[in-house]
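One structure below.
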Amino acid sequence: MAALAIAAPASARAAPLSLDSGTTPRRRVKPARVAAAGGGWAPDSWRARPAQQIPDYPDASALEAAERALAGYPPLVFAGEARKLEERLGEAAMGRAFLLQGGDCAESFKEFSANNIRDMFRLMLQMAVVLTFGGQMPTIKVGRMAGQFAKPRSSPTETRDGVTLPSYRGDIINGDAFDEESRSPDPERLISAYRQSASTLNLLRGFAHGGYADLQRVTQWNLDFLRHSTQGDRYIEFSQRVHDAIGFMVAAGLTPQHPIMTTAEFWTSHECLHLPYEEALTREDSTTGLCYDCSAHMLWVGERTRQLDGAHVEFLRGICNPLGVKVSDKLDPSELVKLCEILNPHNKPGRLTLITRMGAENMRVKLPHMIRAVRQAGMIVTWVSDPMHGNTISSPSGLKTRSFDAIRAELRAFFDVHEQEGSYPGGIHLEMTGQNVTECIGGSKTVTFDDLSSRYHTHCDPRLNASQSLELAFAIADRLRKKRDRAWSISVSRVVA
């Protein structure tokens, strides 16, 4: 699988050396080599800017030691892989591909297992087959995996029964148990996050190349899902057509052993939040002299850290990975254009993905103005919908949840607005799991408020379970198919005329 690197054993302490991949594991990069970033950028230039969401470590020397160790480790991904993903995302910006980005709200040390990784990978494959057939274009599979450990918090502290402690910020920083020791930021967790990411990447590579991604196997999984789903009658014909199309490909000479039939491209991504970790894993590409954050193929900046003069935007503007920006209804269109200009000054297709998250009604009101502003500025971006974060509510029991119907409504609004504006709906970004959890209400198997507590396992925000995720993929594929059918009808009518 060209999209995933083989990471070295977690215990490795590699000295700087030239790698065949073209990346050199140096932490400090000569500023003269970083021509693409401009403006005096260096991997550590973010330290001169105001930084949000970065915790205070009680032992600064221990943090520096962890950073030095990470700087000597092999890269988790390689520059060439990130460039390949950028090419794919450039196709999505032009309406010739569709991005499926999904995974856990926050990865956990405690729940790390081969089965959980396998189930997430399997779900992504199932959804991708459905979306590819519906849209008749490639689906770009990007997991929120192998690095999604840090979470932004609305408050730096949490108070329970009169006791105030630091907020839980994700396993890369501290523990979720409400005691002083667990909540104290621990630099050793950075090393643990690297090791888990390396193991996750290696396992994903094995699944993608070892026969698990066989296309005929994936379509059979989908048929099995539909036979046990209340929505089966609605989508069974659709899934049978996918199965028949694969049969035709085999009959036409594309053997079941062909790499297209047995392997999958898969990339990783996470929110760029913990800047000391990201800086320590930044490497200079020896073939271009440019810098890549080798902790993931793609990184995004969140709602709480996308300040134009902030540390996170400063760091991201200089690395050459594909980037994402979370865009809410609070962001003014003119500020969005400035962000695009800072993060993608050369206006390169695939470099920048705008991930909208604002709820259905706000989507219909706010998104058109954003699309027009970006288009008027001449910026090339990939528009993606995150229908999760704008639809978080509290259940009667106090647990956070999300409504499947509200998620679908926001996606419907996303597609409607792009159809109205003549722009391309380039993909979806979901918090989901391959497990049978009960965290979001609704769906064909009807999770209710009363069901939430039975399998509510998330460490942060509620996730779609496997059934809800696949049901959503079928609904989106149906929308993509109708869009394609309308375009075909228009083309035929012009020919007839």
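Counted from 1, the sequence shown has number 28 at position 13 by this note's numbering; the numbering is strictly sequential. We put the CB at the ideal spot given by N, CA and C, even for glycine. Since the structure is predicted, the reported quantities are computational estimates derived from the model, not experimental observations.
My assumption, with CB atoms under 8 Å, is that residue i sits in contact with residue j. Please give the rounded CB distance.
i, j, result
"Phe290", "Phe330", "In the sequence as presented, Phe is not what sits at residue 290; that position holds Leu. About 6 Å separates the two Cβ atoms, so the contact holds."
"Val328", "Ile357", "6 Å"
"Ala488", "Met142", "4 Å"
"Arg478", "Thr448", "5 Å"
"Leu513", "Pro402", "As displayed, the chain neither begins before 16 nor continues past 512, which places residue 513 out of reach and without an answer."
"Arg298", "Pro90", "5 Å"
"Thr283", "Met160", "5 Å"
"Leu114", "Gly437", "Actually they do not touch by this definition, with Cβ atoms about 19 Å apart."
"Ile408", "Ser418", "7 Å"
"His9", "Gln116", "Outside the shown range of the chain, which is 16 to 512, sits residue 9, and nothing can be said about it."
"Ala326", "Pro58", "About 12 Å; that fails the 8 Å criterion."
"Asp300", "Ala94", "4 Å"
"Phe281", "Leu218", "So it is not a contact: roughly 11 Å between Cβ atoms."
"Ile370", "Gly339", "5 Å"
"Met152", "Ala108", "That belief does not hold up - the Cβ atoms of Met152 and Ala108 are roughly 13 Å apart, past 8 Å."
Looking only at its own chain, which residues have a Cβ that is under 7 Å from the Cβ of residue i, when we skip the five neighbours before and after it?
i, result
"Thr463", "Ile456"
"Ala51", "Unreliable positioning characterises Ala51 in this predicted model, as indicated by a pLDDT of 47, which lies under 50. The coordinate reading is nonetheless provided below. Taken in chain order, the residues that qualify are Leu305, Cys335."
"Leu104", "Leu114, Ile155, Pro337, Gly365, Thr368, Thr397"
"Glu4", "There is no way to answer for residue 4, as the model of the chain reaches only from 16 to 512."
"Thr215", "Ile132, Met160, Ala161"
"Phe565", "No statement about residue 565 is possible, as the shown extent of the chain runs from 16 to 512 and does not include it."
"Lys415", "Thr407, Ser409, Asp476, Pro477"
"Val389", "Leu351, Val352, Cys355, Val396"
Tell me the DSSP bridge mates of residue i?
i, result
"Val399", "Ile370, Gly442"
"Arg298", "Tyr307"
"Val462", "Gly457"
"Met447", "Leu479"
"Lys415", "Ser409"
"His312", "According to DSSP, His312 bridges with nothing at all."
"Ser284", "Met313"
"Thr154", "Phe113"
Grab me the residues of residue i's own chain with a C-beta within less than 8 Å of its C-beta, minus the 5 sequence neighbours each way, in chain order.
i, result
"Thr179", "Thr172, Glu173"
"Asp518", "Because the chain in this structure spans residues 16 to 512, residue 518 falls outside the shown range and cannot be described."
"Arg501", "none"
"Glu203", "Ala77, Ala81"
"Glu350", "Leu323"
"Val452", "Arg470, Tyr471, His472, Thr473, Arg478, Asn480"
"Ile275", "Leu230, Leu269"
"Arg560", "Past the edges of the chain, shown from 16 to 512, lies residue 560, and the structure says nothing about it."
"Ala492", "Val145, Leu146, Phe148, Gly149, Gly150, Phe253"
Keeping to the same chain, check which residues put their C-beta closer than 6 Å to that of residue i; ignore five residues upstream and five downstream.
i, result
"Ile251", "Leu241"
"Glu286", "Trp315, Gly317"
"Ser495", "It should be pointed out that residue 495 corresponds to Leu in this sequence rather than to Ser. Contacts found: Gly149, Gly150."
"His404", "Arg372"
"Asp420", "Gly457"
"Ala208", "Phe164, Ile187"
"Asp35", "Since pLDDT at Asp35 reaches only 33, below the 50 mark, its modelled position is unreliable, and the value read off the structure follows with that caveat. Once the five neighbours on either side are set aside, Asp35 has no close Cβ partner at all."
"Gln211", "Phe127"
"Lys460", "Ser482"
Got a sec: does the ligand GTP put a non-hydrogen atom nearer than 7 Å to the Cβ of residue i?
i, result
"Ser212", "This structure lacks the ligand GTP, and indeed carries no ligand of any kind."
At the 8 Å Cβ level, is residue i part of the contact set with chain C, yes or no?
i, result
"Met447", "This model lacks chain C altogether, as it is built from one protein chain only."
Point to revise | Contained alpha helix (DSSP H) runs [length at least 4] in the region 203–282, N- to C-terminal order | key: Counting whole runs of 4 or more residues, the region 203–282 contains the alpha helix (DSSP H) stretches 203–224, 230–242, 247–266, 274–277.
Practice item. For the region 357–369 and the region 330–342, state whether three or more C-beta atom pairs, one from each stretch, are separated by less than 8 Å. Key: The region 357–369, when compared against the region 330–342, does touch it at the 8 Å Cβ threshold.
Exercise for review: Kindly confirm or deny that the region 371–382 and the region 339–353 touch, where touching means at least three C-beta pairs closer than 8 Å.
Suggested key: Touching, yes.
Point to revise | Every unbroken alpha helix (DSSP H) inside the region 156–191 [4 residues or more] | key: List check, alpha helix (DSSP H) in window: nothing returned.
Practice item. Evaluate the contact criterion for the region 118–136 versus the region 64–79: three or more CB pairs, one atom per stretch, below 8 Å. Key: Using a C-beta cut-off of 8 Å, the region 118–136 makes no contact with the region 64–79, since fewer than three inter-stretch Cβ pairs fall below that distance.
Exercise for review: Examine the Cβ distances between the region 109–125 and the region 184–195 and report whether three or more of them are shorter than 8 Å.
Suggested key: A contact exists between the region 109–125 and the region 184–195.
Check your understanding: With contact counted as at least three CB pairs below 8 Å, one residue from each stretch, are the region 219–226 and the region 96–114 in contact?
Key -> Three or more beta-carbon pairs separated by less than 8 Å are not found between the region 219–226 and the region 96–114, which leaves the two stretches without contact.
Practice item. Mind listing, in chain order, the continuous beta strand (DSSP E) runs of no fewer than 3 residues lying wholly within the region 322–388? Key: The region 322–388 contains these whole beta strand (DSSP E) runs: 338–342, 367–371.
Point to revise | Length at least 3, wholly inside the region 58–123: the beta strand (DSSP E) runs in chain order | key: Here the runs fully enclosed are 113–118.
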